[in-house]
Amino acid sequence: MPQSQSEAAIESVAGEFVFTRVIDASRERVWQAFTESERLMQWWGPAGFTMLAANVDLRPGGAFHYGMRAPDGSEVWGKWVYREIVPPERLTVIASFSDEAADITRHPYSPDWPLELLSTMTLIEHEGRTTVTVQAVPHSATEIERRTFEDARDSMDEGYTGTLDKLAEYLAKV
Amino acid sequence: MSVDTLSTTFAALADPTRRAILARLTTGEASVTELAQPFDMTLPAVSKHLKVLERAGLITRGREAQWRPCRLKASPLKDVADWVGHYRAFWEQSFDRLDQYLTELQAKEHEHDSESP
Chain A
1 MPQSQSEAAI ESVAGEFVFT RVIDASRERV WQAFTESERL MQWWGPAGFT MLAANVDLRP
61 GGAFHYGMRA PDGSEVWGKW VYREIVPPER LTVIASFSDE AADITRHPYS PDWPLELLST
121 MTLIEHEGRT TVTVQAVPHS ATEIERRTFE DARDSMDEGY TGTLDKLAEY LAKV
Chain B
1001 MSVDTLSTTF AALADPTRRA ILARLTTGEA SVTELAQPFD MTLPAVSKHL KVLERAGLIT
1061 RGREAQWRPC RLKASPLKDV ADWVGHYRAF WEQSFDRLDQ YLTELQAKEH EHDSESP
């Protein structure tokens, strides 16, 4: 891979994927479009896909479970488990691919792709138009980071305890 | 289920020091000492970062006699770039459809408004 492409890949990751779009509609409209089942049935999914189902249980721990038919006839199901719901400004979900029974599955095209994405969507309105920002990071990545951070913190604690012991020794002598 | 490789790659790339190390390696192989130079960091601290990168399959450590050169392995980066490309395309298309849907919705509402007495 050419150097510039490697560098671009490194920077494009920088921990997160970010995507922004300005929509010519109020925040409330955009929020409704993302959270109401009947509306989602009318627009969700990429070009050429038809919606089969859009079940919405809008509460923390609930889910948006959807099914689509791809141009080649195959079915693709997905699931957004809601984490944080702040209408009409923020929605945080764990997004993954799924099957009709709403179990989580691997990505249909590549087993290397993230199983779960921690995604946050924020809506900001200005003069009647809404800027939608989607930030996503592989959820497992955040778990690995958390574990790595905890491992590092634990070894820091050991070092700290050693120092405190020495201080105590010293103070005892003085 | 075991952790997918992309998540491991993302986790490895989440740290700015590790990203800088990788960026340096895109210009060619380097020793640990060379890699540590730009950072106000001990060699053991840099080695910890290199371990993370190695475990994620982003670098290899050579076994040449005097030193162990670190080399970049580009294929996990390519996998990330591919995934980002696909995911970006998914959102582009989804937002195109959202745009169209809301435009039509608002047009219908204006028709309705102009029809009412």
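Just so you know, the protein sequences line up as chains A and B, in that order. The first sequence begins at 1 in our numbering and counts up one residue at a time. The second sequence begins at 1001 in our numbering and counts up one residue at a time. All C-beta atoms, glycine included, are put in the ideal place defined by N, C-alpha and C.
Residue i and residue j closer than 7 angstroms at C-beta
{"i": "glutamine 3(A)", "j": "threonine 1026(B)", "result": "yes"}
{"i": "leucine 123(A)", "j": "arginine 21(A)", "result": "no"}
{"i": "tryptophan 31(A)", "j": "proline 114(A)", "result": "no"}
{"i": "arginine 1049(B)", "j": "arginine 1071(B)", "result": "Residue identity differs from the one stated: residue 1049(B) is histidine in this sequence, not arginine. Not in contact: histidine 1049(B) and arginine 1071(B) (Cβ atoms no closer than 7 angstroms)."}
{"i": "aspartate 103(A)", "j": "tryptophan 77(A)", "result": "no"}
{"i": "leucine 1105(B)", "j": "proline 1076(B)", "result": "no"}
{"i": "leucine 40(A)", "j": "alanine 25(A)", "result": "no"}
{"i": "tryptophan 80(A)", "j": "alanine 95(A)", "result": "yes"}
{"i": "serine 37(A)", "j": "valine 56(A)", "result": "yes"}
{"i": "tryptophan 1083(B)", "j": "leucine 1006(B)", "result": "yes"}
{"i": "leucine 1053(B)", "j": "alanine 1012(B)", "result": "yes"}
{"i": "glutamine 42(A)", "j": "tyrosine 1101(B)", "result": "yes"}
{"i": "arginine 119(A)", "j": "alanine 1074(B)", "result": "Checking the sequence, you will find serine at residue 119(A) rather than arginine. Contact flag unset, no."}
{"i": "valine 1046(B)", "j": "alanine 1036(B)", "result": "yes"}
Within-7 angstroms CB hit, residue i to chain B
{"i": "tryptophan 43(A)", "result": "yes"}
{"i": "serine 140(A)", "result": "yes"}
{"i": "isoleucine 94(A)", "result": "no"}
{"i": "glutamine 3(A)", "result": "yes"}
{"i": "phenylalanine 17(A)", "result": "yes"}
{"i": "glutamate 7(A)", "result": "yes"}
{"i": "isoleucine 124(A)", "result": "no"}
{"i": "arginine 21(A)", "result": "yes"}
{"i": "alanine 63(A)", "result": "no"}
{"i": "alanine 54(A)", "result": "no"}
{"i": "alanine 102(A)", "result": "no"}
{"i": "proline 71(A)", "result": "no"}
{"i": "leucine 115(A)", "result": "yes"}
{"i": "isoleucine 85(A)", "result": "no"}
{"i": "proline 88(A)", "result": "no"}
Neighbour flag for residue i against chain A, beta carbons, 7 angstroms
{"i": "serine 1047(B)", "result": "no"}
{"i": "threonine 1042(B)", "result": "no"}
{"i": "arginine 1055(B)", "result": "no"}
{"i": "leucine 1006(B)", "result": "yes"}
{"i": "alanine 1074(B)", "result": "yes"}
{"i": "histidine 1039(B)", "result": "As written in the sequence, residue 1039(B) is phenylalanine, which differs from the histidine given in the question. Judged by the 7 angstroms Cβ criterion, phenylalanine 1039(B) is not in contact with chain A."}
{"i": "leucine 1058(B)", "result": "no"}
{"i": "alanine 1023(B)", "result": "yes"}
{"i": "threonine 1017(B)", "result": "no"}
{"i": "leucine 1035(B)", "result": "no"}
{"i": "lysine 1051(B)", "result": "no"}
{"i": "valine 1084(B)", "result": "yes"}
{"i": "arginine 1071(B)", "result": "no"}
{"i": "glutamine 1093(B)", "result": "yes"}
{"i": "arginine 1063(B)", "result": "no"}
{"i": "arginine 1097(B)", "result": "yes"}
Span of the beta strand (DSSP E) around residue i
{"i": "serine 119(A)", "result": "116 to 126"}
{"i": "proline 138(A)", "result": "129 to 138"}
Rounded distance between the beta-carbons of residue j and residue i, thought under 8 angstroms
{"i": "isoleucine 23(A)", "j": "leucine 1098(B)", "result": "6 angstroms"}
{"i": "serine 140(A)", "j": "glutamate 116(A)", "result": "7 angstroms"}
{"i": "arginine 1068(B)", "j": "arginine 1061(B)", "result": "5 angstroms"}
{"i": "phenylalanine 97(A)", "j": "methionine 68(A)", "result": "No, phenylalanine 97(A) and methionine 68(A) are not in contact; Cβ-Cβ is about 11 angstroms, not under 8 angstroms."}
{"i": "threonine 1009(B)", "j": "valine 1080(B)", "result": "5 angstroms"}
Bounding residues of the alpha helix (DSSP H) (the contiguous stretch that carries residue i)
{"i": "threonine 20(A)", "result": "Note, threonine 20(A): premise wrong, no alpha helix (DSSP H); beta strand (DSSP E) at 17 to 23."}
{"i": "serine 1007(B)", "result": "1005 to 1013"}
{"i": "glutamate 1034(B)", "result": "1032 to 1036"}
{"i": "alanine 1020(B)", "result": "1016 to 1025"}
Closer than 6 angstroms: residue i CB and nearest the ligand NAD heavy atom
{"i": "threonine 131(A)", "result": "Ligands are entirely absent from the displayed structure, and the ligand NAD is therefore not among its contents."}
Residue-chain proximity (residue i, chain D), Cβ-Cβ < 7 angstroms
{"i": "proline 60(A)", "result": "Among the protein chains in the structure shown, which are A and B, there is no chain D."}
Quiz prompt | Completely contained alpha helix (DSSP H) runs for the stretch 1038 to 1083 of chain B, where each covers 4 or more residues | solution = 1043 to 1055
Quiz item: Residue ranges of each beta strand (DSSP E) run of no fewer than 3 residues wholly in the stretch 32 to 94 of chain A, ordered along the chain?
Solution: 50 to 56, 63 to 69 and 75 to 86
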